[in-house]
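For the sequence shown, the numbering used here gives the first residue as 9, with consecutive numbering after it. The beta carbon of each residue, even a glycine, is placed where N, CA and C say it ideally should be. Every value quoted in this text rests on a predicted model; they were computed, and no experiment measured them. Working notes, structure below.
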Amino acid sequence: MSQFPAVPRIRFVLVGTQHPGNMGAAARALKTMGLARLVLVAPEKPLDEEAFRRSAGAEDVLGGSPVVATLAEAVADCHLVLGCTARARRVQLEELLPAVAAQRVADRAGEGAEVAVVFGRERTGLTNEELQLCHAAVHIPSDPAFSSLNLAAAVQVLAYEVRMRLLGVQPQALAAPEADPGFREQPASHDQLESFFGQLGQTLDEIDFHKGRAPESAMRKLRRLFLRAEPSEQEVRLLRGILADAQRMARLAGAQGEGG
Ligand code: SAH
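What follows is the structure, given as structure tokens:
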């Protein structure tokens, strides 16, 4: 049993593999990343000694892999099918980075859906008809002048990314900007921050925050806090609005004190 409940719903599908050794190496790649389901679609040759040798201890994954006749059959019960392609933007499909694809795999499998990640033939990759069965394409952004990874190496990259998402490791690129409304706001400039610090210092005087202590130490700490937070222009405006109200209230209180 895997530590991740999503794992049994994630299958890696190899279509028309030409070298049995690659099927073995793919099984090993999956097992190192805690994945366990390999499906073989019409391999050119049956599993052989070389395949098991290259699986290097992942005989259970390799030996347990069903062999089916077509990709359609291999993914018939899947809700998400992602096709890995060595050539960028070859098809009219959304093209995902491995990390983004892996997030979808982990999310959908986590919700209970069956998910497939599909790999093509060593020589010719996936046919257009096979890619039509996929919801999106995945391209490992390799050197365009030498873009094709060994099949098992490509399996390893995707299996690694899936494991990272299952472990909850979030690369910066996956953090949706929409999730953080402050994200796109223009950060405050040096001048804007200095004017804010000036007003903050005045306000602290006016509300008698220091009570006879030297103001420098508190101001140093406050500067450190606000510089670390890298506030946006809007956030600085909000803070200055609060200070302006505090100053107004302090003046009112002062005037009342004098009057009364
Ligand atoms: N000459 C083939 C290369 C196939 S490599 C072609 O141009 O399509 C075998 C399989 O490994 C590919 O079908 C794909 O599933 C995977 N693969 C290899 N390099 C890849 C890359 N850069 N990005 C995504 N998948 C890749």
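Span of the alpha helix (DSSP H), counted from its first residue to its last, around residue i
i: Leu212; result: His198 to Glu214
i: Arg45; result: Not the alpha helix (DSSP H): Arg45 falls in the beta strand (DSSP E), residues Arg45 to Val49.
i: Val69; result: Glu67 to Gly71
i: Gln111; result: Pro106 to Gly118
i: Leu38; result: Pro28 to Thr40
For residue i, three-class secondary structure by DSSP
i: Phe60; result: helix
i: Arg221; result: coil
i: Arg95; result: coil
i: Gly190; result: No answer about Gly190 holds up, because its pLDDT of 40 lies below 50 and its placement is not dependable.
i: Ala124; result: strand
i: Glu102; result: coil
i: Phe234; result: helix
i: Ala14; result: coil
i: Lys53; result: coil
i: Ala226; result: helix
i: Asp253; result: helix
i: Pro149; result: coil
i: Leu157; result: coil
i: Ala80; result: helix
Span of the beta strand (DSSP E), counted from its first residue to its last, around residue i
i: Arg19; result: Ile18 to Val23
i: Val177; result: Note, Val177: premise wrong, no beta strand (DSSP E); not H, not E.
i: Ala145; result: Ala144 to Val146
C-beta atoms of residue i and residue j nearer than 9 angstroms
i: Val146; j: Val83; result: no
i: Gly24; j: Arg62; result: no
i: Gly91; j: Leu141; result: yes
i: Ala66; j: Leu101; result: no
i: Val170; j: Leu157; result: no
i: Asp85; j: Glu138; result: no
i: Glu193; j: Ser240; result: yes
i: Ala109; j: Val47; result: no
i: Gln4; j: Gln255; result: Because residue 4 is not part of the residues shown, which for the chain are 9 to 268, the question remains open.
i: Ala114; j: Ala14; result: yes
When the options are compared against residue i, the one with the closest alpha-carbon
i: Ile215; options: Thr135, Gly249, Glu243 and Met257; result: Met257
i: Asp68; options: Arg36, Gly133 and Thr135; result: Arg36
i: Ala160; options: Ala33, Pro13 and Glu52; result: Ala33
i: Leu43; options: Leu230, Ser155, Leu88 and Leu174; result: Leu174
i: Leu230; options: Val177, Gln242 and Leu247; result: Leu247
i: Ile18; options: Leu201, Gly128 and Ala117; result: Ala117
i: Ile148; options: Ala110, Asp199, Ala94 and Gln178; result: Ala94
i: Gln242; options: Gln111, Thr135, Leu201 and Leu105; result: Leu201
i: Ala80; options: Met31, Ala59, Ala64 and His143; result: His143
i: Arg131; options: Glu238, Asp115 and Gln26; result: Gln26
i: Phe204; options: Leu134, His218, Arg245 and Gly220; result: Arg245
i: Ala237; options: Ala196, Ile250, Val49 and Gly71; result: Ala196
i: Val99; options: Val75, Ser73, Gly133 and Ala114; result: Gly133
i: Ala77; options: His218, Pro54 and Ala59; result: Pro54
i: Ser73; options: Ala261, Ala64, Ala263 and Val49; result: Val49
i: Glu57; options: Arg45, Met31 and Asp253; result: Met31
For residue i, the residue or residues it bridges with in DSSP
i: Arg129; result: Gly133
i: Ser240; result: Pro195
i: Leu283; result: Lying outside 9 to 268, the shown extent of the chain, residue 283 is not represented and no answer is given.
i: Val75; result: Leu48
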